[in-house]
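There are 2 protein chains.
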Amino acid sequence: MDSYKHKKVISIGIVSELTGLSPRQIRYYEERQLIFPDRSKGTRKYSFADVEWLVEIANKREEGVQTKEIRYEMMKEIRETMRKGQINAHFRSRM
Amino acid sequence: MDSYKHKKVISIGIVSELTGLSPRQIRYYEERQLIFPDRSKGTRKYSFADVEWLVEIANKREEGVQTKEIRYEMMKEIRETMRKGQINAHFRSRM
DNA sequence: CGTGTAAGGAATTCTGACACG
DNA sequence: CGTGTAAGGAATTCTGACACG
Numbered sequence: 001m002d003s004y005k006h007k008k009v010i011s012i013g014i015v016s017e018l019t020g021l022s023p024r025q026i027r028y029y030e031e032r033q034l035i036f037p038d039r040s041k042g043t044r045k046y047s048f049a050d051v052e053w054l055v056e057i058a059n060k061r062e063e064g065v066q067t068k069e070i071r072y073e074m075m076k077e078i079r080e081t082m083r084k085g086q087i088n089a090h091f092r093s094r095m
Numbered sequence: 001m002d003s004y005k006h007k008k009v010i011s012i013g014i015v016s017e018l019t020g021l022s023p024r025q026i027r028y029y030e031e032r033q034l035i036f037p038d039r040s041k042g043t044r045k046y047s048f049a050d051v052e053w054l055v056e057i058a059n060k061r062e063e064g065v066q067t068k069e070i071r072y073e074m075m076k077e078i079r080e081t082m083r084k085g086q087i088n089a090h091f092r093s094r095m
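Protein chains in written order, with the UniProt record's numbering: chain A, 1 to 95; chain B, 1 to 95.
Encoded structure:
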């Protein structure tokens, strides 16, 4: 089972270590609606799925892809997945 | 794969919420050598496996089992598992 | 023995802003 | 646009100790 993968329990400092992204970058991607952490009394909590998604974001950014485009592709992927009736954990974890 | 289960990334406050144990109790069980968190710059980090093991400890404590006995049983279990050549993640995660 | 609490310090996180580009 | 940084405050965590039992 993958409940571990989607449980939001990791604080931003650890996510930063795990992804190599700065806290500033991670918060910015949230502002741009690419990532959706939970809030535990004010502080952001991320899942392992979030961490993996952030690494993907980092790779796309390195390729020069803008956050707006990443968001557009993400939405499109979600739309397709929903159309197939496959609203699975892969996307649930990002919303 | 269960790398998520054994990666130590959760801070004590979240572990406290997840287990229902107080931070004081969690630190005490560490002092009694029942649990072995990693340290990320001074602060303790736990895995989901640690969280599950803490819940087991909590159950035993409610039954009146002392930490010393829990530790003894834990060691015995580990010894048996090692004898069978089954040093698997179940125990690796606690050491 | 196991756990609560007050104490003081250190490290973390948060937000809004200015900077550069 | 994307990210760094300094700023001030709030919340977290740490340790060692005293308390009770």
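Ideal placement from N, C-alpha and C gives every residue a C-beta, glycine not left out.
At least 8 Å separates the CB of B/S22 from every CB of chain A.
Distances from the alpha-carbon of A/P23 to those of A/K7, A/H6, A/Y4 and A/T43 put A/T43 closest. Beta-bridge partners assigned by DSSP to B/K45: B/S11 and B/D38. In chain order, V9, I10, S11, S40 and K45 make up the part of chain A whose C-beta sits under 9 Å from the C-beta of B/I14.
Against chain B, the CB of A/K76 has no partner CB under 8 Å away; the residue lies outside that interface. At a Cβ-Cβ threshold of 8 Å, B/I14 and B/K45 do not count as neighbours.
Against chain B, a Cβ distance below 7 Å from A/F48 picks out Y4.
If you check the CB distance, B/T81 and B/L34 do not come in under 8 Å.
The three-state secondary structure of A/L21, taken from DSSP, is coil.
For B/R32, the closest alpha carbon among the candidates B/S16, B/H6 and B/M74 is that of B/M74. Sorting A/I57, A/R79 and A/I78 by C-alpha distance to the C-alpha of A/I70 places A/I57 at the top. Bounds of the alpha helix (DSSP H) holding B/K76 are T67 to R83.
Separation of B/K60 and A/E62 (C-alpha to C-alpha, rounded to the nearest whole angstrom) is 51 Å. A direct Cα-to-Cα measurement between B/P37 and B/Q25 gives close to 14 Å.
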